[in-house]
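J.: Read in UniProt numbering, the sequence shown has 166 at position 166, and its numbers run on one by one without any break. For glycine and all other residues, C-beta sits at the position ideal for the given N, C-alpha and C. A single structure is presented below for examination.
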Amino acid sequence: MTAQPDILCIGSVLWDIIGRTPAHMGAGADVPGRITRLPGGVAMNIAMTLARFGVRPALLTAVGRDPEGDELVAACTRMGLVTRHIYRSDDLPTDRYMAVEGANGLIAAIADAHSLEAAGDKILRPLSDGALGRAGAPWAGPIALDGNLTAGLLADIAHSPLFAAADLRVAPASPGKAERLLPLLAVANATLYVNLEEAGLLGHRRFATAPEAAAALVDRGAARVLVTDGGRTTADGSREGIVTADPPAVLVTRVTGAGDTFMAAHIVAETRGEDRATALRSALDAAAQYVSGDIGS
Numbered sequence: 001m002t003a004q005p006d007i008l009c010i011g012s013v014l015w016d017i018i019g020r021t022p023a024h025m026g027a028g029a030d031v032p033g034r035i036t037r038l039p040g041g042v043a044m045n046i047a048m049t050l051a052r053f054g055v056r057p058a059l060l061t062a063v064g065r066d067p068e069g070d071e072l073v074a075a076c077t078r079m080g081l082v083t084r085h086i087y088r089s090d091d092l093p094t095d096r097y098m099a100v101e102g103a104n105g106l107i108a109a110i111a112d113a114h115s116l117e118a119a120g121d122k123i124l125r126p127l128s129d130g131a132l133g134r135a136g137a138p139w140a141g142p143i144a145l146d147g148n149l150t151a152g153l154l155a156d157i158a159h160s161p162l163f164a165a166a167d168l169r170v171a172p173a174s175p176g177k178a179e180r181l182l183p184l185l186a187v188a189n190a191t192l193y194v195n196l197e198e199a200g201l202l203g204h205r206r207f208a209t210a211p212e213a214a215a216a217l218v219d220r221g222a223a224r225v226l227v228t229d230g231g232r233t234t235a236d237g238s239r240e241g242i243v244t245a246d247p248p249a250v251l252v253t254r255v256t257g258a259g260d261t262f263m264a265a266h267i268v269a270e271t272r273g274e275d276r277a278t279a280l281r282s283a284l285d286a287a288a289q290y291v292s293g294d295i296g297s
């Protein structure tokens, strides 16, 4: 019998095409730099970080049966990720994400995750067909879920008995998709990971700090929410109260994937049995190492 994975990562798995330069950039800038292509996507970034910590993640996503998809699945397999549950589409291309980063942070990005959206609930079949769960015996372990799924599918997940026994950890793919998570805000077994801008979109108002945002989202019904704010104070809010910590001061060399690294490291820390304050510091340390370039992509 094949061993079950330790955690499910549901969402975007695609090719990241990232242009980086040490120069400050504005609209219309044309500067020298480096362009890389690496496996990426929110679910993929989380899974890669989990694998670095010795956790065995399985991917539930959509990948095309094109050469790019074959190459992507092979790369995932080499990293130790479980790929046998991936939905492989004959007529949908493999998704891509393109971003430009300068010394002043993320300049612009475009996520082409249309194939994942078009695949819909096909990516969730292993949770109901007995491979990873079924009606009456749902998956009872941790799940990392990202907001690249459609709003309708995320709303279905919020009420689905197939997710009712899971430790559900949820992240928006971007501020533009943050409001897709509103149906999951009050789910009792869900922990949301958002940045300050995304928290404002979920709370329908601007927040000055992460602790303020975390407290407001808990007041709106969130069981638990972690709010990051770049290099400023991060907050872990729940009905038990607000825990805060400051990120280490580091030289930032990249930003794409930092939030995913934070989320994955936090899941691992709590799996190790760390309390809320210790887990928060562990996750911030891991994210700082990532953005400084001390951890490879």
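#1: Between Phe163 and the rest of its own chain, which residues show a CB-CB distance below 6 Å, the 5 nearest in sequence each way excluded?
#2: Which residues does DSSP list as the beta-bridge partners of Asp236?
#3: Rounded to the nearest angstrom, what separates Asn148 and Gly176 at their Cα positions?
#4: Under the rule that 16 or more other beta-carbon atoms within 10 Å means buried, what is Ile35, buried or exposed?
#5: Is the number of C-beta pairs between the stretch 80 to 90 and the stretch 19 to 26 that are closer than 8 Å three or more?
#6: Where do the ends of the alpha helix (DSSP H) carrying Glu68 lie?
#7: Since Trp139 sits in a beta bridge, which residues does DSSP pair it with?
#8: Please report how far the alpha carbon of Ile242 lies from the alpha carbon of Leu38, in whole angstroms.
#9: What are the boundary residues of the alpha helix (DSSP H) that Glu270 is part of?
#10: Pull up the distance between the alpha-carbon of Leu201 and that of Asp236, whole angstroms please.
#11: Could you compute how far the alpha carbon of Asn104 sits from the alpha carbon of Thr253?
#12: Out of Thr233, Ala208, Ala188, state which residue places its alpha-carbon closest to the alpha-carbon of Val218.
#13: Which runs of the alpha helix (DSSP H) fall wholly inside the stretch 125 to 201 and span at least 4 residues, in chain order?
#14: Consult DSSP for Ile86 and reduce its assignment to one of helix, strand or coil.
#15: Terminal residues of the continuous alpha helix (DSSP H) containing Leu8?
#16: Residues in the same chain with beta-carbon distance under 6 Å from Met1, minus the five sequence neighbours each way, listed in chain order, please.
#17: I need the straight-line Cα distance from Val82 to Arg224, nearest angstrom please.
#18: Between the alpha carbons of Ala135 and Leu127, how many angstroms are there, rounded?
#19: Assuming Asp146 contacts Ser12 under a Cβ cut-off of 8 Å, what Cβ separation, rounded to an integer in Å, is found between them?
#20: Whose CA, out of Asp167, Ala144, Ala214, Ala118, lies closest to the CA of Thr49?
#21: Just grab the DSSP bridge partners of Arg34 for me.
#22: So, helix, strand or coil for Met25, using DSSP?
#23: Using DSSP with H/G/I as helix, E/B as strand and the rest coil, what is Arg205?
#24: Round the Cβ separation of Thr234 and Ala213 to the nearest angstrom and send it over; I've been treating them as touching at under 8 Å.
#25: Quick one: what does DSSP say Met1 is sitting in, helix, strand or coil?
#26: Can you check DSSP and say which residues form a bridge with Tyr97?
#27: What would DSSP say about Gly64, mapped onto helix, strand or coil?
#28: Any idea if Asp30 is buried or exposed, counting beta-carbon neighbours within 10 angstroms, 16 or more meaning buried?
#29: Drop a sphere of 10 angstroms on the beta-carbon of Pro67, count the other beta-carbons inside from all chains shown, and report buried for 16 or more, exposed for fewer.
T.: Reading from the atomic positions:
#1: Taken in chain order, the residues that qualify are Ile157.
#2: Leu226, Val243
#3: 10 Å
#4: exposed
#5: no
#6: Boundaries of the alpha helix (DSSP H) harbouring Glu68: 67 to 78, taken from the DSSP string.
#7: According to DSSP, Trp139 shares a beta bridge with no other residue.
#8: 36 Å
#9: 258 to 271
#10: Looking at the two C-alpha atoms, the distance is approximately 18 Å.
#11: 10 Å
#12: When C-alpha distances from Val218 are compared across Thr233, Ala208, Ala188, the shortest belongs to Ala188.
#13: 151 to 159
#14: coil
#15: Counting along the chain, Leu8 sits inside no alpha helix (DSSP H); it lies in the beta strand (DSSP E) bounded by residues 7 to 10.
#16: Any answer about Met1 is weak, because its pLDDT of 41 lies below 50 and its placement is not dependable; what the coordinates show is given next. Hits under 6 Å: none found.
#17: 28 Å
#18: Distance between the alpha carbons of Ala135 and Leu127: 9 Å.
#19: With 8 Å as the limit, Asp146 and Ser12 qualify as a contact, their Cβ atoms being about 6 Å apart.
#20: Ala144
#21: Arg20
#22: coil
#23: coil
#24: Taking the Cβ atoms as the reference, Thr234 lies roughly 11 Å from Ala213, outside the contact range of under 8 Å.
#25: Residue confidence is low: Met1 scores 41 on pLDDT, short of 50, so the model does not pin down where it sits. No coordinate-derived value is stated.
#26: DSSP lists Asp16, Ala111 as partners of Tyr97.
#27: Three-state DSSP puts Gly64 in a strand.
#28: Exposed is the call here.
#29: Answer is exposed; the Cβ neighbour count stays below 16.
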